[in-house]
Amino acid sequence: MHSIEYIYTWLFREYGPQGWWPLINHNGSNPTKTGIIKGYHPGVYSFPHNDDERFEICIGAILTQNTTWVNVEKAIENLNKRERVNPVSIANLDIDILKESTRPARYFNQKAQKIKIFTDFYLKLNGKTPKSEELLDIGGIGPETADCMLLYGFNTTSFVVDAYSKRMLINLGLITESATYQEVKRLFEENIPRDLIMYQEYHALIVEHAKRYYQKQPYGENDPLKTLMDSNT
DNA sequence: AACCAGGACGTGA
DNA sequence: TCACGTCATGGT
């Protein structure tokens, strides 16, 4: 078994199903997770159930750029108090109200603009699944945000790479600092089965694991997974 | 009180 | 290409 698949097996056995992507309108929760309020649905893979939920995932993907999820939840809750979070109401929502509501999620000027632009794009989709390149061309949506939308919102088996993934793989000796987004993405995709649920769980599991061992420097200092992998070769 | 979150983009060399 | 600055809240 390749190390990439071994890591997944270990993480899943350690932390279990993660219930991503969290939806704040969903009353599920997982108190074992770090710093979580609500919205996770561990072991349930039927999401999104409708177009509004899909849209909420996409908006959340934009809001969580370089930001903690608890702050994103606050932003979405703020929005939810004023408007039902769906494409039409957000498209018609005053930009200043949007900024005021999403303030806790950082960079609110930029993100409010991004959300407006994305919402117009979303409405034009008419239920279709966008290509990755289309998402990247909108502006304000980079590779990770696009992959999050595709993987969790549109159920497309496109692996999500983030800063944590790189940090962990560097520490485990599987890549170097110079590895690009696409290179890391390919490393994952070429070494695990092309399975939607596994893609979804794997990225979520990395975040959960990294929150514990890869937040403060020196990164991955007492990562039990590294100790295990070092002793096994 | 520094440090940094589930990034993206513009700039100048 | 790439290293670096900007964006600009809130928890630990």
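Numbers given in our numbering equal positions in the first sequence, counted from 1, plus 1. Quick reminder that beta carbons are idealized off the backbone N, C-alpha and C, glycines included. Owing to the predicted nature of the structure, the values given are computational and were not obtained by experimental measurement.
Through-space distance from residue j to residue i, alpha-carbon basis
i	j	result
Q111	T65	13 Å
E135	K125	12 Å
G174	A180	12 Å
Q201	F160	8 Å
T35	K129	Annotation note: pLDDT 46 at T35 (below 50); position unreliable, no value reported.
S102	E54	19 Å
A214	C149	Checking the displayed sequence, the identity of residue 214 turns out to be Tyr instead of Ala. Spanning the two alpha carbons is a distance of roughly 23 Å.
I91	T120	7 Å
Y16	D97	40 Å
T177	Y165	14 Å
Y153	D163	15 Å
R40	W70	Sequence inspection shows Gly at residue 40; the Arg mentioned does not correspond to that position. Approximately 11 Å, taken between the alpha carbons.
N223	P23	28 Å
I239	P225	The chain is shown only over 2 to 234; residue 239 falls outside these bounds and no answer can be derived.
K1	A113	The shown model of the chain, from 2 to 234, leaves out residue 1, and the question about it has no answer.
K212	L170	14 Å
D138	E184	20 Å
Member of the options whose CA lies at the smallest distance from the CA of residue i
i	options	result
I116	G128, G141, R107 and L137	G141
G20	C149, Y46 and A92	Y46
H3	N192, E222, Q218 and K212	N192
N127	D52, N223 and D138	D52
K75	H50, F109, F48 and P49	F109
CB-CB length for residue i against residue j, believed under 8 Å
i	j	result
P105	N72	5 Å
A62	T146	5 Å
Y182	P144	5 Å
Beta-carbon proximity list for residue i, same chain, < 6 Å, skipping 5 on both sides
i	result
L12	L206 and H210
I77	I25
R239	The first residue shown for the chain is 2 and the last is 234, placing residue 239 beyond what the model contains.
L99	A113
N79	S102
Spatial neighbours of residue i in its chain, beta-carbon cut-off 8 Å, leaving aside the 5 residues before and after
i	result
P18	P43, G44 and E202
Y123	F56, C59 and P88
M259	The structure shown does not extend to residue 259, since the chain is modelled only from 2 to 234, so the question has no answer here.
R195	T158
Y7	M230
Cβ shell of residue i (< 7 Å), same chain only, five flanking positions each side left out
i	result
L94	E84
L151	S133, T157 and S159
Y220	R168 and N172
L197	N156 and T158
Kindly confirm or deny that the region 223 to 231 and the region 185 to 205 touch, where touching means at least three C-beta pairs closer than 8 Å. no
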